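Q: First the structure, which I've put down as structure tokens, then a few questions once you've had a look.
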Ligand code: MN
């Protein structure tokens with residue numbers, strides 16, 4: 001095994017609001033480019049933020065997507081989602097919502113009503129995973145993935161565990177079905193514990209320090225809420241927890257196709273983007289009530 005070196009550590013930049021419910025730091029493409037992070041084309045991170053109680057849930061109203069998947073990981077708080085293909089549900093702490101927009105979907109994303117009334121600490125990741133050209137126009141799909149469905153692999157010496165959302169760790173698999181090879185874990189390491197994680201060298205690999213601080217590859221200290229992008233010069237990296245940590249680890253095989261992105265649409269060509277706007281404007285994405 002050879003060491004995969006760190007290409008870049010990014011601190012959380014100035015946050016912006018998505019709708020009025022998601023106060024996010026953008027790491028992809030902010031850190032780099034969509035092409036470099038292929039197949040991960042967007043990552044917004046709502047670091048811990050306290051939302052006051054309200055009777056009017058905050059969030060983002062009806063909007064379209066085409067050509068990729070949106071993956072929402074809840075760390076604190078609860079999110080309610082509904083879409084024009086009939087998918088929907090509520091995700092709470094530790095749960096994941098994996099929505100395949102593919103040929104086109106309308107959806108809305110809000111803090112859950114009951115949670116909103118109490119308010120509190122909110123922490124969430126939204127990731128966009130690109131689809132290979134041959135699946136971009138396939139039917140939309142929705143996977144509600146509860147935390148209980150995820151395999152949790154205990155690390156040796158009581159170091160912690162690897163919670164698998166997608167792909168595999170050792171011989172254990174995660175519940176999400178994906179259209180291209182992707183590994184996605186929450187690595188929970190106890191203070192002082194150390195572990196090594198390996199992926200094929202050509203896979204785009206990154207981590208987000210969701211909770212706590214860690215030392216990566218023995219010498220780089222990565223504080224909470226920072227993002228690490230790895231080079232493709234080796235297969236494995238080490239993480240040593242400086243306190244109790246939760247680390248989101250992402251690794252995916254690049255799709256290596258042209259990317260044409262405009263707002264909520266990510267396709268392969270500019271013509272397909274024009275077509276997406278046309279189809280959206282003529283009601284081909286279906287209907288969803290506000
Ligand atoms: Mn959306």
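In the working numbering, the protein residues as written are 1 to 290. C-beta atoms are modelled at their ideal positions from N, C-alpha and C, and glycine is treated no differently. In this text the structure is predicted, and so the values were computed from the model without any measurement.
#1: Using 7 Å as the cut-off, classify the Cβ of residue 70 as near or not near the heavy atoms of ligand 1, replying yes or no.
#2: With a cut-off of 8 Å on the beta carbons, I'd call residue 166 and residue 182 a contact; round off their distance for me.
#3: Using three-state DSSP, classify residue 188 as helix, strand or coil.
#4: Spell out a yes or no on whether the region 42 to 61 and the region 110 to 125 are touching, meaning 3 or more CB-CB pairs, one atom from each, closer than 8 Å.
#5: When the Cα atoms are used, what is the spatial distance from residue 196 to residue 187?
#6: At which residues does the alpha helix (DSSP H) containing residue 117 begin and terminate?
#7: Pull up the distance between the alpha-carbon of residue 87 and that of residue 97, whole angstroms please.
#8: Can you tell me whether residue 75 is buried or exposed, with buried defined as 16 or more other CB within 10 angstroms of its CB?
#9: Using alpha carbons as the reference points, say which of 7, 35, 2, 11 lies closest to residue 256.
#10: Should the region 125 to 132 be regarded as contacting the region 62 to 78, the criterion being three or more beta carbon pairs within less than 8 Å?
#11: Measure the alpha-carbon distance for residue 152 versus residue 282 and round it to whole angstroms.
#12: Whole angstroms are fine: how far does the CA of residue 99 sit from the CA of residue 71?
#13: By the DSSP assignment, the beta strand (DSSP E) with residue 44 in it spans what residues?
#14: Does the region 141 to 152 come close enough to the region 162 to 179 that 3 or more CB-CB pairs lie under 8 Å?
#15: Thinking C-alpha only, which one of 172, 211, 189 is nearest residue 241?
#16: Please classify residue 1: is it buried, with 16 or more other beta-carbons within 10 angstroms of its beta-carbon, or exposed?
A: Based on what the coordinates show:
#1: Counting from 1 along the chain shown, the entry for residue 70 is found at position 70. Yes.
#2: For the purposes of this step, residue 166 is identified with residue 166 of the chain shown, where counting begins at 1. For the purposes of this step, residue 182 is identified with residue 182 of the chain shown, where counting begins at 1. Yes, they are in contact, since the Cβ atoms of residue 166 and residue 182 sit about 5 Å apart, within 8 Å.
#3: Here residue 188 refers to the residue found at position 188 of the chain shown. Three-state result, residue 188: strand.
#4: yes
#5: Position 196 of the chain shown, counted from the start, is the residue given in the question as residue 196. Position 187 of the chain shown, counted from the start, is the residue given in the question as residue 187. The straight-line gap from Cα to Cα measures roughly 11 Å.
#6: In the chain shown, counting from the first residue as 1, residue 117 sits at position 117. Residue 117 -> alpha helix (DSSP H) spans 113 to 118.
#7: Here the question's residue 87 lines up with position 87 in the chain shown. Here the question's residue 97 lines up with position 97 in the chain shown. So the alpha carbons of these two residues sit roughly 10 Å apart.
#8: Residue numbering aside, residue 75 sits at position 75 when the chain shown is read from its first letter. Label assigned to residue 75: buried.
#9: Sequence index remark: in the chain shown, residue 256 carries index 256 (1-based). Ranking the options by Cα distance to residue 256, first place goes to 35.
#10: yes
#11: Here residue 152 refers to the residue found at position 152 of the chain shown. Here residue 282 refers to the residue found at position 282 of the chain shown. Each residue's alpha carbon lies about 45 Å from the other.
#12: Within the chain shown, numbered from 1, the residue matching residue 71 stands at position 71. Within the chain shown, numbered from 1, the residue matching residue 99 stands at position 99. Computed Cα separation, rounded: 6 Å.
#13: Taking the first residue of the chain shown as position 1, residue 44 is located at position 44. Segment 40 to 51, the beta strand (DSSP E) holding residue 44.
#14: yes
#15: Within the chain shown, residue 241 is the residue found at index 241, counting from 1. Considering only alpha carbons, the answer is 189.
#16: As a first step, residue 1 is located in the chain shown; it is residue number 1 there, counting from the start. The residue is exposed, with fewer than 16 neighbouring Cβ atoms inside 10 Å.
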